[in-house]
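Asks:
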Amino acid sequence: MSKTIKYILIGIVLLGVLFLIGYFANENNSPGTIIAGLAGAWAAFKSKIFSTKSLKENIEEVEEEHSLKREEWKIIKDEYDSKFNAIKARMDYLDYTSAKISSQISELDKEEIEEIKKIENITREKRLRLLNKT
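Numbering (our numbering) for the sequence shown: -11 to 122.
Structure (structure tokens):
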């Protein structure tokens, strides 16, 4: 339908509604039934009961939207899975290096352990001097 025909139909409907409300107001009847009927018609219009699309078309449209969303969610899930696997690999590497360092520390000689204890007990200035020498 063209826009002008739509505007003409809307104008006719509004004039009819105003006429009915005015008529019932003059007859000393309450216009509540007319207003309730109009509210029901408006609700039916907004819920698209009188839509031109068939139910099958609406269902197909919703299924297409859902399949697109599922594809987007799958892509996002794959991205997060790859990030998770990368973090897990880093953690495994850190565990490996930690175990390697622990095994190296356990293999130290008594003399090396005593040297480490001495270094731990020296003052800050001596540590700085020691580090600057190396």
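Backbone N, C-alpha and C fix where the C-beta goes; we use that ideal spot for every residue, glycine too.
Being a predicted model, the structure only gives us computed values, none of them experimental.
Using the Cα positions of E51 and E60, report the straight-line distance between them to the nearest angstrom.
Replies: To locate residue 51, count along the sequence shown from 1; it is residue 63. To locate residue 60, count along the sequence shown from 1; it is residue 72. Those two C-alpha atoms are separated by around 14 Å.
Asks: Counting only runs of 4+ residues fully inside the region 35 to 103, write out the alpha helix (DSSP H) ranges in chain order.
Replies: Those alpha helix (DSSP H) runs which fall completely within the region 35 to 103 and span 4+ residues are 43 to 94.
Asks: Would you identify the three-state DSSP class for I110, choosing helix, strand or coil?
Replies: What you label residue 110 is simply residue 122 of the sequence shown in a count that begins at 1. Residue state, collapsed to three classes: coil.
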